[in-house]
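In our numbering, the protein residues as written are 581 to 819.
Ideal Cβ placement from N, Cα and C applies to all residues, glycine included.
One structure is given below, encoded as structure tokens.
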Ligand SMILES: C[S@@+](CC[C@H](N)C(=O)[O-])C[C@H]1O[C@@H](n2cnc3c(N)ncnc32)[C@H](O)[C@@H]1O
């Protein structure tokens, strides 16, 4: 039987957004890091495994994590001879799986941090700091309040920032801020993040934030464009 042909964006089986089949800008940086450092890396919320499979191609040992085992098994089935360097770790980050101290060279998290509460983000950043070797980096990308379907929320977001709220992007019920037809494919609650909030989480966990910026991913469909700040990227180094 021939391998399944995936389109550029494929809905996740568990309504956790879409998995992409092309590397975004931050994922590309992660794969370059894998090539340079070699060793063991972690892909959180690996989805269909676009970054995991590219990292395996560099020779890295990859721990692919996801909340959904079916998606992880599909990565395993497509990993070919690299399967022996791939470990599938099912479980919700940051609570459901643990790694050894200083066991990782790099971490990737593409479009998963916006599914975590503020407290889960803090615990997650602390865990990553524990698991990374000194000098190891985190490469993360997430959705912002300036993601097209959430444009109605942008003014409320800025008002919350003005009031000094700790987690201004937490939206308890996405259906209350958008009627976009794509919302059936995302969880009820979402945590939209900007560069200030994401950088602050990692700084408080002891990371040096090398770069944290808002941008438009090259693979983002025009139907969800807003003002060029649809995604937030983070590169943070364990010191
Ligand atoms: C939007 S998809 C992104 C997949 C892939 N990283 C990409 O960029 O194409 C989010 C993935 O994260 C997984 N996920 C959501 N919350 C998670 C959590 N707390 N821990 C681990 N995986 C999670 C979902 O099952 C889904 O596969």
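Annotation: the segment 740-816 contains the following complete segments of the alpha helix (DSSP H) (minimum length 4 residues), in chain order: 775-784. Around the beta carbon of residue 807, fewer than 16 other beta carbons lie within 10 angstroms, which makes this residue exposed. In the assembly as shown, residue 819 is an exposed residue. Its beta-carbon has fewer than 16 other beta-carbons within 10 Å. At least one heavy atom of ligand 1 sits closer than 7 Å to the Cβ of residue 624. Relative to ligand 1, the beta carbon of residue 691 is positioned inside 7 Å of a heavy atom.
Judged by the Cβ position, residue 600 qualifies as a neighbour of ligand 1 at the 7 Å threshold, a heavy atom of the ligand being closer than this. Burial state of residue 769 is exposed, judged by a 10 Å Cβ sphere holding fewer than 16 other Cβ atoms. Rounded to the nearest angstrom, the Cβ distance from residue 702 to residue 781 is 6 Å, consistent with a contact under 8 Å.
Assigned with DSSP and collapsed to three states, residue 683 falls in coil, not helix or strand. Close CB contacts of residue 667 within its chain, under the 6 Å cut and outside five residues either way in sequence, are with 643 (chain order). Under the DSSP assignment, residue 696 falls outside any alpha helix (DSSP H); it carries neither an H nor an E label.
Contact between residue 628 and residue 645 fails: their C-beta atoms lie close to 14 Å from each other, not under 8 Å. The beta carbon of residue 796 sits closer than 6 Å to the beta carbons of 808, 810 from its chain, once the five residues preceding and following it are set aside; these are given in chain order.
For secondary structure counted as the alpha helix (DSSP H) over 4 or more consecutive residues, the segment 635-673 holds these complete runs in sequence order: 649-657. Non-local beta-carbon contacts of residue 788 in its own chain, meaning distances under 6 Å to residues more than five positions away in sequence, involve 817, 819 in chain order. Cβ neighbours of residue 700 within its own chain (closer than 7 Å, five residues either side excluded): 674. Taking 8 Å as the cut-off, the beta carbon of residue 718 is found no closer than this to the beta carbon of residue 749. Judged by DSSP in its simplified three-state form, residue 718 adopts strand. Measuring C-alpha to C-alpha distances from residue 704 to each of 720, 653, 715 identifies 720 as the nearest.
Excluding five sequence positions before and after residue 734, the CB atoms of its chain that fall closer than 7 Å to its own CB belong to 725, 726, given in chain order. A distance of 8 Å or more separates the beta carbons of residue 785 and residue 688.
For residue 590, the enclosing beta strand (DSSP E) begins and ends at 589-591. Nearest in C-alpha terms to residue 609, of all of 632, 756, 590, 663, is 632.
For residue 812, the number of other beta carbons within 10 angstroms of its own is at least 16, and it is reported as buried. From the listed residues 638, 697, 640, 713, the smallest Cα separation to residue 771 is found for 697.
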